[in-house]
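Student: Line order of the protein sequences matches chains C, F, R and S.
Using this note's numbering, you'd call the opening residue of the first sequence number 1028 and step up by one each time.
Using this note's numbering, you'd call the opening residue of the second sequence number 1028 and step up by one each time.
Using this note's numbering, you'd call the opening residue of the third sequence number 1028 and step up by one each time.
Using this note's numbering, you'd call the opening residue of the fourth sequence number 1028 and step up by one each time.
We treat Cβ as the ideally placed atom computed from N, Cα and C, and that holds for glycine.
For clarity, every value in this text was computed on a predicted model and none was experimentally measured.
Have a look at this one.
4 protein chains.
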Amino acid sequence: MDKVVLAYSGGLDTSVAIKWIPEKYGMEVIALTVDLGSEHDLESIREKALTIGAAKAIVVDGKQMFVDHFVFPALKAGAIYEGAYPLATALGRPLISYLLVKTARAEGAKAVAHGSTGKGNDQVRFDVSVAALAPDLKVIAPVREWAAEMTRDKEIEYAQQHGIPVPVTAETPFSIDVNLWGRSCEAGVLEDPWTEPPEEAYGWTVPPTQAPDEPAYVTIEFDRGIPVALDGERLDGVTLITRLNDLAGQHGVGRIDHLENRLVGIKSREVYEAPAAVTLHAAHQALEKMTLSKDQMRTKAWVAQQIADIIYNGLWFSANHQDLRAYVESTQRYVTGKVRVKLLKGNCTVVGVDSPHSLYQKHLATYDTGDQFDHTAALGFIKLWGLPLQTQARVQMLPQGEEPLSLPSVKADG
Amino acid sequence: MDKVVLAYSGGLDTSVAIKWIPEKYGMEVIALTVDLGSEHDLESIREKALTIGAAKAIVVDGKQMFVDHFVFPALKAGAIYEGAYPLATALGRPLISYLLVKTARAEGAKAVAHGSTGKGNDQVRFDVSVAALAPDLKVIAPVREWAAEMTRDKEIEYAQQHGIPVPVTAETPFSIDVNLWGRSCEAGVLEDPWTEPPEEAYGWTVPPTQAPDEPAYVTIEFDRGIPVALDGERLDGVTLITRLNDLAGQHGVGRIDHLENRLVGIKSREVYEAPAAVTLHAAHQALEKMTLSKDQMRTKAWVAQQIADIIYNGLWFSANHQDLRAYVESTQRYVTGKVRVKLLKGNCTVVGVDSPHSLYQKHLATYDTGDQFDHTAALGFIKLWGLPLQTQARVQMLPQGEEPLSLPSVKADG
Amino acid sequence: MDKVVLAYSGGLDTSVAIKWIPEKYGMEVIALTVDLGSEHDLESIREKALTIGAAKAIVVDGKQMFVDHFVFPALKAGAIYEGAYPLATALGRPLISYLLVKTARAEGAKAVAHGSTGKGNDQVRFDVSVAALAPDLKVIAPVREWAAEMTRDKEIEYAQQHGIPVPVTAETPFSIDVNLWGRSCEAGVLEDPWTEPPEEAYGWTVPPTQAPDEPAYVTIEFDRGIPVALDGERLDGVTLITRLNDLAGQHGVGRIDHLENRLVGIKSREVYEAPAAVTLHAAHQALEKMTLSKDQMRTKAWVAQQIADIIYNGLWFSANHQDLRAYVESTQRYVTGKVRVKLLKGNCTVVGVDSPHSLYQKHLATYDTGDQFDHTAALGFIKLWGLPLQTQARVQMLPQGEEPLSLPSVKADG
Amino acid sequence: MDKVVLAYSGGLDTSVAIKWIPEKYGMEVIALTVDLGSEHDLESIREKALTIGAAKAIVVDGKQMFVDHFVFPALKAGAIYEGAYPLATALGRPLISYLLVKTARAEGAKAVAHGSTGKGNDQVRFDVSVAALAPDLKVIAPVREWAAEMTRDKEIEYAQQHGIPVPVTAETPFSIDVNLWGRSCEAGVLEDPWTEPPEEAYGWTVPPTQAPDEPAYVTIEFDRGIPVALDGERLDGVTLITRLNDLAGQHGVGRIDHLENRLVGIKSREVYEAPAAVTLHAAHQALEKMTLSKDQMRTKAWVAQQIADIIYNGLWFSANHQDLRAYVESTQRYVTGKVRVKLLKGNCTVVGVDSPHSLYQKHLATYDTGDQFDHTAALGFIKLWGLPLQTQARVQMLPQGEEPLSLPSVKADG
């Protein structure tokens, strides 16, 4: 009997899949649960898989791999999807895919399986990541296959018939996904973009109105783009992120309400919470403003958008991404220093930046004594800077009486 | 005697210039004061110019021209410099240049003059704008010329000798510029980027800690990208911005602390306040997320960066800008609708968006009944979407044993 | 009986479709043949459609629409796919789609049909264009449906059974498509990228070795980006392109051998001939070098790539394209003038450019007497231009002993 | 007496500088002549420097450094300025600057000097490169200083007075610069862009009309982006380029006539010859089309433009360049294989490409038997690909009666 490794979350869909896949495909299911900081009781999930009928159930702590190989590279890249979403779920999928493939190889499985629907981005991230890492492995996506045939009611009926535990409590009206880097929430009343997200949509952050009246200050140290300490205490990445999620969340920081373009051609309203991600991106950007040149910042802003799209669109394991990461690594050589952040009632404000490699040079910037900027240089600079524009005006626009950018004609008064 | 039209602010530098230019250049000075919402007493400025010795003194109310021809086009473009600065001063300079030229033509002047130093961006904006609008006009910049010869002390001495009023009160330690679209503050203790800006640096906004505990909500209506009403009341642009500056400022919204790349090759720390600009950009972006396609958003994000740099760098009157504005105009055809914004203790949060042209389609996005999205399409989509990446992995990376993006090798377990 | 409008070329596939669609879909077929300069006998194609069984057969001369609304806009945009392909077929598809929709509306048809396969780009261009112009119309693609079931042999058998004429002569080994703007050729031996295309692959051009030993010169006049005259003779677009195809083709100009990325995720080897397109793009670019500023050229180069991809990828009727076209139109205001081109044995060389709006200013460029360039300006310009780089070297690289770009260390000798 | 290291070409300007610098600056001149393949008699240049009065004269063979550290990196990057100029001179300047600095360090000099004028790009490249490598070194540019004071006639007079040899023969009317990677020619009749460059402007290539009637074929092998062999013979870079310059030049390949945007704000007409560069770039691009994915090609095309501008604009030693080079290096991992090029009467045509890492997969591309492409996938792909455009048409354009891209309205016939 062929084997399939199933990414198992413990929820209803993948629980049903443990039964359904053997029926449909005649394969033996190995349940793989990857801990990316999802806050579930992993041992009971493992036991549930076996109870339902998995041939084997494995739990892997992926938190450190997640931070080292996915989260921090994305932070260094400045990868924020459409200027809003720090990509928590999108970063988790390639790692789970990688561990599915790794487990499939170790177990001699012929296929892997995941619980994504046919409408979201996650199916793409799983399918494409597996295709890149192991083009020979079959990918099974039961929920996508059920689209036509198995409604929610039928699924529950199927579960009851097969002795699969069905959650008795009224389910949340939202669809939620959680890992260390963020929490996402969609569906329910959020599907109306005119409606303000209700407090029930949030799970990690207090409402800004209920946050403390006094700000918290935290100093974050970076070493070549990677956060390594909080308030002088060196911390591993997992701990650092966990603490910041807690601290910033208490101050109402990290709520993101986003009308988002999915890869599959539709817009979707998503509510995210990412206290650590929001704080770290803000701090990292502030440090880059100090340590990257103007040209580097413009190039990197463009690259950041490319990488955010790459990650969102399931193309983590592409050569294009690999090339752009080489670029990003090079930019981070001098992104070392400390950033002081103020957390207050939903605001995350950078209030101090310092770096041994600062390109801000007070002796050039100051209006005070000590100014070493050469003021005589400006005249020549401006002359050549404006020369093309002056030539163009002289030769093209003014002779044609063209009015500059919809202003009333200058020459009428001439 | 040749005439020169001087952009006159009423401050010490341009007051001294009224005396100094005739001495140095033998020209008659016409003082032009343009009101862009700077909150000064314009009539007394006009009188001061005449008292000091201007041959003529003119005050022009430029507020509506400023909003219609500079501020709202920049808003539609999404022009925010380096992701932070809404470009208030930068947008005012080309309009003042335009009015200098217009006045020079009307008065038969041979030159125009401005009070910018040799180290900032404003000199570039004035010089280049005038070069584009009237390549034959000479531009005189007294403060830039003084760089070597006239220190602050000498300037005051010169003023006293010539009967030019010198402010008796201790000056603010900051250098400040104000118009309708924002207030900028630099120099003094702000020159140390590790120091949090003191409250004295701010003039338009209350500190978030002292803002009301309860949020204010405001609904902004847009018509093809232009804000036209607040809470259902149609307002002209000047009034709308003035009200929003007031309202959002009361809630601590609009403070921006920015380490900025100047055109002249240095980094500089700037503190801005722009309550209306911050609120309107946030609302406009939210409406664009709803009414522009994914592809349009990506193209426009790139254009927005180009336009922000163009405006910042003094190239408002360039053909390149004109072309990009034609692009922006086209994008705004359906950016019509209303946006509900919540103002709370420094936070400006969009909490509702609605448009008759919304590309968000609940029947495609919903996870509820009524879903009309074709789930069967995804499989084919993903197959072709991932095909290039799969081919590349199969042909290039996997045969070479290349490890995907620094993860431990997959195949070791294979 | 519902009606379907079929894009009918007269070839075997669409001839079979005239019979097959009624069988399969129970619809009445209206054959629409659009003349984009394909050099076929259109009247006999029309008769063939009726003979086979079309309920109606329509021929439309689309050449002028093609040139005015598709070819010249693409020329003004500088749209060349992957730096090689002037997009002849890709430009024709949206026009045929438009005429299919127009005819469907006029005839009250419920569907349109086309003969594209399931592997190429054309199916996307047809399907997506129709979806944009008439989202309610069904699109039928018989050849794509046949993929599994109907092999070439079965198709011929089906044709013979149904009295559909099958070409008796040995078919060309290549798959060929032709319109005014170019000829494409693929398949057969071309599928081996190590093989030089044989002469039989070409139909419009003489081999450079057999072209005349003496060059031909032609002067092309442009009016705001549109070619309007050859050697002083004003010509309509269709005639101008036809003449240039003939003239440049006689000199071996316009052969393009391209390994191309298709939208559907594969690479494909294509051989194109486009004598007029190659000549006109070269001339247009040369005129733009003279009449656009440096900044405009960089912006437009980026836009040109976006538009080329948009056209290739079937997104002609997108809002994104519409916005970018507004940009392009603005850029062409001063692209007026004449360009002298030399055609010689496969070479198309611009040897002279002239424009009343030329930004090339001899008095600024000359090394001769008459130089009006201000040489003293350069020093100040360079000082500020190089300042960021100097600061970065001083602060970051040199103190770290970083060697600039893999050169042997400078300081070792210091 | 302080020392200055002068980049000495042996021409009149730098010969005069050997005398003039000590007079003006009281410094001792060390003449440094760098051989980048300029075809001059270097020993006699060295002797001339000493004769005129240099304290020391050094000749350095920089050809291999030039190829390894400047030319091949630019080739891998695809760096071609404004789509035309392979950057020969622009690539040589940072190396000469580097060697000036290296020599200055070795000799304990306080300054370096170069012979560039105040109007070209080269002054920027020298000044900025030195500022980056050795911010403390003074840069002297005698010809730029002479701008006002020393005309050509005065310079010759000065030379004669100081015993500096003045070329007796009538000078070429052109200004020429040569290194291994190309030859540039400007000024004289070339300053009229309507004039075809006369044959005297060319020095390395035969006119296409006089090239052999029969083509030459050459097969170029690349190893990770670097050309390593011609027709199976492994060659060092200098020899390979030299041979290709010779071979391609004999076939009239490599002539470039370019109206170019200089950094200093003017347009300039330049005639280049670069037989090897043109051939190698064509071959390298063809190999990249085979070995890079569609996404990689688009990203790299953008990077290539950035790098070309960086090199042209004198920013070789910038951190921005360093970052982008890291990107380029990553892209070249699989750019290995061979390219067959046909040289014929000015044409350089790629006629065959082969790579062990080819992403062109015949089993996916073929229309013949053996097709493994999944034709059924296309339908789902197109559905989602076109969905955003369909939604936008349905919601925005069609309801407003908007006509798609200036075509006559579809619905009029509906």
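Using a Cβ-Cβ cut-off of 8 Å (strictly less than) and excluding sequence neighbours within five positions of C/Gln1091, which residues of its own chain qualify?
Tutor: Asp1263, Gly1264, Val1265.
Student: Does any residue of chain R have a CB that is nearer than 9 Å to the CB of C/Leu1411?
Tutor: Interface residue, yes.
Student: F/Ala1346 touches chain R at which residues, Cβ-Cβ below 9 Å?
Tutor: Residues of chain R passing the Cβ test: Leu1319, Ser1320, Asp1322, Gln1323, Ser1357, Thr1358, Arg1360, Tyr1361.
Student: Could you tell me the alpha carbon to alpha carbon distance between F/Lys1438 and C/Ile1283, rounded to whole angstroms?
Tutor: Its pLDDT being 48, under 50, F/Lys1438 is placed unreliably by the model, and the measurement read from it follows with that caveat. Near 39 Å, if we compare the C-alpha coordinates of C/Ile1283 and F/Lys1438.
Student: Flag R/Asp1401 as yes if its beta-carbon sits less than 9 Å from any beta-carbon of chain C, otherwise no.
Tutor: Yes, its Cβ sits closer than 9 Å to a Cβ of chain C.
Student: Please identify, using Cβ separations under 9 Å, the residues of the stretch 1290-1320 of chain C that lie next to chain S, in order along the chain.
Tutor: Hits within the stretch, in order: Leu1290, Val1291, Gly1292, Ile1293, Lys1294, Leu1319, Ser1320.
Student: By Cβ distance, which residues of its chain are closer than 6 Å to F/Ile1450, with the 5 residues on each side in sequence left out?
Tutor: Absent from the structure is residue 1450 of chain F, since the part of chain F shown begins at 1028 and ends at 1441.
Student: State the Cα-Cα distance for the pair R/Leu1207 and R/Gly1279, rounded to the nearest angstrom.
Tutor: The alpha-carbon atoms of R/Leu1207 and R/Gly1279 are separated by roughly 17 Å.
Student: In chain R, which residues lie less than 9 Å from F/Pro1415 when you measure between Cβ atoms?
Tutor: The contacting residues are Asn1288, Gly1292, Ile1293, Lys1294.
Student: Could you check the C-alpha separation between F/Pro1242 and F/Pro1235 for me, to the nearest Å?
Tutor: Roughly 12 Å between the two C-alpha positions.
Student: Any idea if R/Arg1261 is buried or exposed, counting beta-carbon neighbours within 10 angstroms, 16 or more meaning buried?
Tutor: So R/Arg1261 ends up on the exposed side.
Student: Leaving out the 5 sequence neighbours to the left and right, which residues in its chain are closer than 6 Å to F/Asp1440 when beta-carbon positions are compared?
Tutor: In this prediction, F/Asp1440 has a pLDDT of 39, which is less than 50 and means its spatial position is unreliable; what the coordinates show is noted afterwards. Cβ neighbours of F/Asp1440 beyond the five flanking positions: none.
Student: Indicate whether at least one CB of chain C lies closer than 9 Å to the CB of F/Phe1408.
Tutor: So yes, F/Phe1408 belongs to the interface.
Student: My output table needs one value for R/Thr1393: the three-state DSSP class, helix, strand or coil.
Tutor: DSSP places R/Thr1393 in coil when its eight states are reduced to three.
Student: From R/Phe1249, R/Phe1153, R/Ser1036, R/Glu1218, pick the residue whose C-alpha is nearest to that of S/Tyr1394; which is it?
Tutor: When each option's Cα is compared against that of S/Tyr1394, the closest is R/Glu1218.
Student: Per DSSP, F/Thr1116 forms a beta bridge with which residues?
Tutor: DSSP output for F/Thr1116 lists no bridge partner at all.
Student: How is S/Asp1180 classed by DSSP in three states: helix, strand or coil?
Tutor: The answer is helix: DSSP assigns S/Asp1180 an H, G or I state.
Student: With DSSP as the reference, identify every bridge partner of C/Phe1400, one or two as the case may be.
Tutor: C/Phe1400 is not bridged to any residue.
Student: In this structure, does DSSP put R/Arg1421 in helix, strand or coil?
Tutor: R/Arg1421: helix per DSSP, three-state reduction.
Student: From S/Gln1359 to R/Arg1325, what distance separates their C-alpha atoms?
Tutor: Cα to Cα, the separation comes out at about 25 Å.
Student: Please go through the stretch 1093-1143 of chain R and give each complete beta strand (DSSP E) segment of 3 or more residues, from N-terminal end onward.
Tutor: List check, beta strand (DSSP E) in window: 1138-1140.
Student: For the beta strand (DSSP E) that contains C/Gly1209, what are its first and last residues?
Tutor: Looking at the DSSP string, the run of the beta strand (DSSP E) that includes C/Gly1209 is 1209-1213.
Student: Just verifying my parser: in three-state terms, what is the DSSP assignment at F/Ser1320?
Tutor: In this structure, F/Ser1320 counts as coil in the three-state DSSP scheme.
Student: When you compare the CB of F/Gln1349 with every CB in chain R, is at least one pair closer than 9 Å?
Tutor: It does; some Cβ of chain R falls within 9 Å.
Student: I'd like the span of the alpha helix (DSSP H) that includes R/Thr1269, first residue to last.
Tutor: First-last of the alpha helix (DSSP H) with R/Thr1269: 1264-1277.
Student: Taking 9 Å as the CB-CB cut-off, is F/Thr1418 touching chain R?
Tutor: It does: the Cβ of F/Thr1418 has a partner Cβ on chain R nearer than 9 Å.
Student: For a contact meaning CB atoms closer than 7 Å, what does F/Gln1150 contact in chain C?
Tutor: Correct list: Ala1405, Ile1409.
Student: Which residues of chain R have a Cβ atom closer than 7 Å to the Cβ of F/Tyr1354, listed in chain order?
Tutor: What F/Tyr1354 touches in chain R: Asp1350, Leu1351, Ala1353, Tyr1354.
Student: How many Å lie between R/Ala1140 and R/Lys1083 at the Cα?
Tutor: Taking the straight line from one Cα to the other gives about 14 Å.
Student: For C/Lys1030, I'd like the list of residues in its chain whose CB is within less than 7 Å of its CB, leaving aside the five on either flank, ordered along the chain.
Tutor: Closer than 7 Å at the Cβ level, and outside the excluded window around C/Lys1030, lie Met1054, Glu1055, Ile1057, Glu1134, Gly1135, Ala1136, Lys1137.
Student: Between the alpha carbons of F/Ser1345 and S/Ile1268, how many angstroms are there, rounded?
Tutor: Taking the straight line from one Cα to the other gives about 42 Å.
Student: Report, in whole angstroms, the separation of the C-beta atoms of F/Val1087 and F/Asp1062, which I expect to be a contact under 8 Å.
Tutor: With a Cβ gap of about 7 Å, F/Val1087 and F/Asp1062 count as contacting.
Student: Any chance you could list the beta strand (DSSP E) runs of at least 3 consecutive residues sitting entirely within the stretch 1284-1348 of chain F, in chain order?
Tutor: Complete beta strand (DSSP E) runs here, min 3: 1294-1300.
Student: What does the alpha-carbon distance come out to for the pair C/Ala1275 and C/Leu1370?
Tutor: Their backbone Cα atoms lie some 6 Å apart in a straight line.
Student: Kindly list the residues whose CB is nearer than 7 Å to the CB of F/Tyr1387, restricted to its own chain and excluding five residues on each side of it in sequence; keep chain order.
Tutor: Taken in chain order, the residues that qualify are Met1317.
Student: Starting from F/Thr1078 and walking both ways along the alpha helix (DSSP H), at which residues does that stretch end?
Tutor: First-last of the alpha helix (DSSP H) with F/Thr1078: 1069-1079.
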